[in-house]
């Protein structure tokens, strides 16, 4: 079930990072809708004048433009406002339900990460990744998603640069020949197919070197093979696409270069200090799991939100009824509800932000390429096949579309950044327990006595870690990763102090404490006093009176 977070709740005011991208999408969508409308009106006029056959192509192009316009507008409108689920953002680990004991592999990895004060990173395993990590020094401290984004787009950058070098070398080898335009067609088809494949791939998936190797082999051997078979190909006449392919490759270099510049500006410098660790040795005569319950209450009181905390580990003390003594270990790991670390920014503030400068430039490039594509498609729809320049106009439209698609894909993942802050509390309890029965009161002549089975731990080791987390997601439904940690020493001192005071305030004696208990104890005391005077029980108010008293 999803709920809309109230605006007056300052903790859950999630700033919308897609403001500038939404404007860009709406501008291109409006242009595509207007161009499609004009093409459809022209197509209707041609239909009335010359029949359906002459107007079929313009009508199909107009419908395609309208479909593009509606799709872009739908993307922008879906990002205007978010309806957030109560468990937003995603948890770092699987959550353990109430009254359930358990842990998970992800929680164990999180413990290890906190203990070592280490941030996750993707180790480079190939030449391209090693080159990237050499050029961008701080990428190992970036959020794990940014590392995947960087590796994929840097591989794309290297592939485009390799293709451009091979293309220029091929043109140099061939010189001016009647079949040189086939070279541009071949490179254009291969690059468009390859780019569409990489653009639609999962942005956070591991980069495969196979496509890059295939493209490298193509770049080396294709010019030689083309020299051998190119002379047997028919000429393309006046169709010239060499400039189209060269421009597309240079523009794609700019797209991926801008993406890496925008990514580098978002690396930031998350705080990374050791977690606040406190340890205490206690002697207690109660079940140590009661400390877990008290810690849950302490953490809940410090939570600034009204939402429950996220419990990742809860392993309470397990008492073996068949043993009077034994070792034990209890554990508890919980995170407060993550709150937004960003603030609401206007479009003017986003445009002037150094952190978003290159991202804005990349979005402007996407907008210009999209508008150019719409204009070229509009011109292409109004041209006849016999008219000079028709195929070149269509080729330029494909080039503009490819550039706009690559720029949008690259910019979108960076616009969808959501930063959060939360606090993680981890407690471990270890020691050796003994069980015994404790009786209080005179067991032979007393009127009231109590007996209780107690758990005694003379040297209970309580270890507490407290750390403030800086986490990030890319996209509303993206996974959350840690990019900064800091140890709040004051919070750790206050928390362990509360636990020590709680342990010192526990009692091993069972005694009446309510008003009803005290009233009944008073009546029982009077009853016992009567029994002591006469040798037999006497109810209060019914004592036997002597003659002297009468």
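Residue numbers (this note's numbering): 1041 to 1590.
Glycine included, C-beta positions come from ideal geometry on N, C-alpha and C.
As the structure is a computational prediction, the values presented were derived from the model and not from experiment.
Asked: Check for me: the beta strand (DSSP E) holding residue 1322 runs from which residue to which?; Found: 1316-1324
Asked: Identify, in the order they occur along the chain, each residue of the same chain with its Cβ nearer than 7 Å to the Cβ of residue 1419, setting aside the five sequence neighbours on each side.; Found: 1433
Asked: For residue 1439, count neighbouring C-beta atoms within 10 Å of its own C-beta (all shown protein chains included) and say buried if the count is 16 or more, exposed if not.; Found: buried
Asked: In this structure, what does DSSP give as the bridge partners for residue 1440?; Found: Answer is none; residue 1440 lacks a bridge partner.
Asked: List in chain order: all unbroken beta strand (DSSP E) runs of 3+ residues lying wholly within the region 1110-1196.; Found: none
Asked: Among 1304, 1195, 1296, 1205, which residue has its Cα nearest to the Cα of residue 1253?; Found: 1195
Asked: Which residues bound the beta strand (DSSP E) around residue 1372?; Found: 1365-1375
Asked: Helix, strand or coil for residue 1358 per DSSP?; Found: coil
Asked: Using the rule of at least 16 other Cβ atoms within 10 Å of the residue's Cβ for burial, across every protein chain shown, is residue 1228 buried or exposed?; Found: buried
Asked: When the Cα of residue 1208 is compared with those of 1160, 1378, 1290, which residue comes out closest?; Found: 1290
Asked: Whole angstroms are fine: how far does the CA of residue 1536 sit from the CA of residue 1148?; Found: 22 Å
Asked: How many Å lie between residue 1334 and residue 1542 at the Cα?; Found: 8 Å
Asked: Can you list, in chain order, the residues of its chain with a C-beta nearer than 8 Å to that of residue 1170? Leave out the 5 residues immediately preceding and following it.; Found: 1164
Asked: When DSSP labels each residue in this structure, what does residue 1333 get in the three-state scheme?; Found: helix
Asked: What's the gap between the Cα of residue 1417 and the Cα of residue 1424?; Found: 13 Å
Asked: In its own chain, which residues sit with a C-beta less than 7 Å from the C-beta of residue 1447, not counting the 5 before and 5 after it?; Found: 1295, 1402, 1405, 1406, 1409
Asked: In the structure shown, what three-state DSSP assignment does residue 1461 receive?; Found: strand
Asked: Return the residue from the list 1222, 1337, 1064, 1430 that minimises the CA-CA distance to residue 1120.; Found: 1064
Asked: Quick check: residue 1224 and residue 1285, are their CB atoms within less than 8 Å of each other?; Found: yes
Asked: Select from 1185, 1232, 1320, 1131 the residue whose C-alpha is nearest the C-alpha of residue 1533.; Found: 1320
Asked: Flag this pair as yes or no: are the beta carbons of residue 1197 and residue 1307 separated by less than 8 Å?; Found: no
Asked: When the distance is taken between beta carbons, is residue 1465 closer than 8 Å to residue 1497?; Found: no
Asked: Less than 6 Å between C-beta atoms, sequence neighbours within five positions excluded: which residues of the same chain meet that for residue 1113?; Found: 1069
Asked: For residue 1524, report the span of its beta strand (DSSP E) as first-last.; Found: 1521-1526
Asked: Whole angstroms are fine: how far does the CA of residue 1076 sit from the CA of residue 1087?; Found: 16 Å
Asked: In this structure, how does DSSP classify residue 1533 when only helix, strand and coil are distinguished?; Found: helix
Asked: Go ahead and label residue 1358 buried or exposed: buried means 16 or more other beta carbons lie within 10 angstroms of its beta carbon, across all protein chains shown.; Found: exposed
Asked: Since residue 1304 is in the alpha helix (DSSP H), which residue starts that stretch and which ends it?; Found: 1282-1305
Asked: Closest by CA to residue 1374, which one among 1348, 1398, 1399?; Found: 1348
Asked: For the region 1138-1156 and the region 1100-1111, state whether three or more C-beta atom pairs, one from each stretch, are separated by less than 8 Å.; Found: no
Asked: Hey, is residue 1067 close to the ligand SAM, as in C-beta under 7 Å from one of its heavy atoms?; Found: Although the ligand SAM was asked about, the structure shown includes no ligands whatsoever.
Asked: Sort 1526, 1085, 1128 by Cα distance to residue 1517 and report the nearest one.; Found: 1128
Asked: Rounded to whole angstroms, what's the CA-CA distance from residue 1312 to residue 1160? Just pull it up for me.; Found: 12 Å
Asked: When burial is assigned at 16 or more other CB atoms within 10 Å of the CB, is residue 1235 buried or exposed?; Found: buried
Asked: By alpha-carbon positions, which one of 1513, 1421, 1437 ends up nearest to residue 1097?; Found: 1421
Asked: With distance defined between alpha-carbon atoms, name the residue in 1526, 1474, 1339, 1079 nearest to residue 1364.; Found: 1474
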